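Data block below; observations after.
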Amino acid sequence: MQLKKMLETNKVQKDFYEYEPQDEQFEYDGNVIGRTWAKLRSGYGTVVNSLGEFEMWSGLHWDWMGDLSDKKVLDLGCHSGNQLSLELARKSKYYVGLDLSESATAELQRKIKNAGIENAITVATDFLSEDFTERDFDVVYAQSVFHHFKYMEPFLERVDEVLAPGGQVITSDPLATYWPLKTLRAIYRPFQRDSNWEYPFTKKTFDLFQKHFDIENLQGMMGSTKWVLLIYPFSKKMGEEKWQQWLKEDQTKANKIGSHLWKCMRVTMNMRKKK
230 MQLKKMLETN
240 KVQKDFYEYE
250 PQDEQFEYDG
260 NVIGRTWAKL
270 RSGYGTVVNS
280 LGEFEMWSGL
290 HWDWMGDLSD
300 KKVLDLGCHS
310 GNQLSLELAR
320 KSKYYVGLDL
330 SESATAELQR
340 KIKNAGIENA
350 ITVATDFLSE
360 DFTERDFDVV
370 YAQSVFHHFK
380 YMEPFLERVD
390 EVLAPGGQVI
400 TSDPLATYWP
410 LKTLRAIYRP
420 FQRDSNWEYP
430 FTKKTFDLFQ
440 KHFDIENLQG
450 MMGSTKWVLL
460 IYPFSKKMGE
470 EKWQQWLKED
480 QTKANKIGSH
490 LWKCMRVTMN
500 MRKKK
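First residue of the sequence shown: 230, per the working numbering; consecutive thereafter.
Shown next as structure tokens:
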């Protein structure tokens, strides 16, 4: 029943993520509150990426994955390509970019072709459906994807099913473990067009992860460093200094399940299929 419900939700989600190729970008949030929230998120992204957040977590992902030259990689929920998609395709033995959106996967396929990358394909289908028959992936890379599934148990069973023995999963997703952020999301959620497939991780989600996989590495992001957003607009110098200080605190305290992780806005993980 849970699987059936998610399949129905994904039909709506597919339509939501389709866009015309000539559009510069598709609009996630069509109402005023949604657009305002989207602008705030965009501003947040601009600040933290200028401070090096992207380099930090992408560096972790490459370290965790290691040499991909003999590995089969699934880029789950790739859309038209995330920041690592083309390099994943270039470095892996065989690459599959999977997404619900036909227009987005076609765009990624065009990028792959233009880059001269072989042994890489894109597929537009539902990961949960029987239409997706690929198996034995050494790596499932999922950037901001896992939290789109309301019922984590059947989804994780599916992930485990497509993994090769000893396969690993790399994720990056938002958390709902810090009460001020939970309150803010609760206020915004009724106006969120994609609320039917937005489920940031709770503490209980980690119990399910540990049931299905061995968590070899994790790193909470935007724990102490999130407060830089209150400083940076007024003083870039002070913001940069506090970022470095608080980043070290996050790196040493939010690298395991516990109180400091629960204060973070996001988490990235490296999980291994259980033997």
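The beta-carbon is built from N, C-alpha and C at its ideal position, and this holds for glycine as well. Keep in mind that this is a model prediction, so the values were computed, not measured.
| Asked | Found |
| --- | --- |
| Validate contact between the stretch 419 to 434 and the stretch 466 to 480 using beta carbons, cut 8 Å, 3 pairs | no |
| Where residue 443 falls, given that 16 or more other Cβ within 10 Å makes a residue buried | exposed |
| Residue 390 vs residue 364 beta-carbon contact at 9 Å | yes |
| Residue 473, DSSP secondary structure in three states | helix |
| Residue environment, residue 422, which counts as buried when at least 16 other CB atoms sit within 10 Å | exposed |
| Helix, strand or coil at residue 363 according to DSSP, with G and I counted as helix | coil |
| DSSP beta-bridge partners of residue 371 | 400 |
| Segment limits, beta strand (DSSP E) that includes residue 384 | No beta strand (DSSP E) holds residue 384; the alpha helix (DSSP H) holding it covers 381 to 391. |
| Delimiting residues of the alpha helix (DSSP H) encompassing residue 288 | 282 to 294 |
| 8 Å CB neighbourhood of residue 397 in its chain, flanking five on each side removed | 293, 294, 367, 368, 369, 445, 499, 500, 501, 502 |
| The beta strand (DSSP E) enclosing residue 328, as first and last residue numbers | 323 to 328 |
| Endpoints, the beta strand (DSSP E) within which residue 349 is located | 349 to 353 |
| CB-CB length for residue 317 against residue 448, believed under 8 Å | Not confirmed; about 19 Å, so no contact. |
| Stretch-stretch touch, CB-based, cutoff 8 Å, three pairs: the stretch 320 to 336 with the stretch 347 to 361 | yes |
| Sheet register partners of residue 495 (DSSP bridge) | 403, 450 |
| Spatial distance of residue 253 from residue 309 (CA atoms) | Low per-residue confidence applies at residue 253: pLDDT is 47, beneath 50, and the placement is therefore not dependable, though the value from the model is reported in the following sentence. Each residue's Cα considered, the two are about 12 Å apart. |
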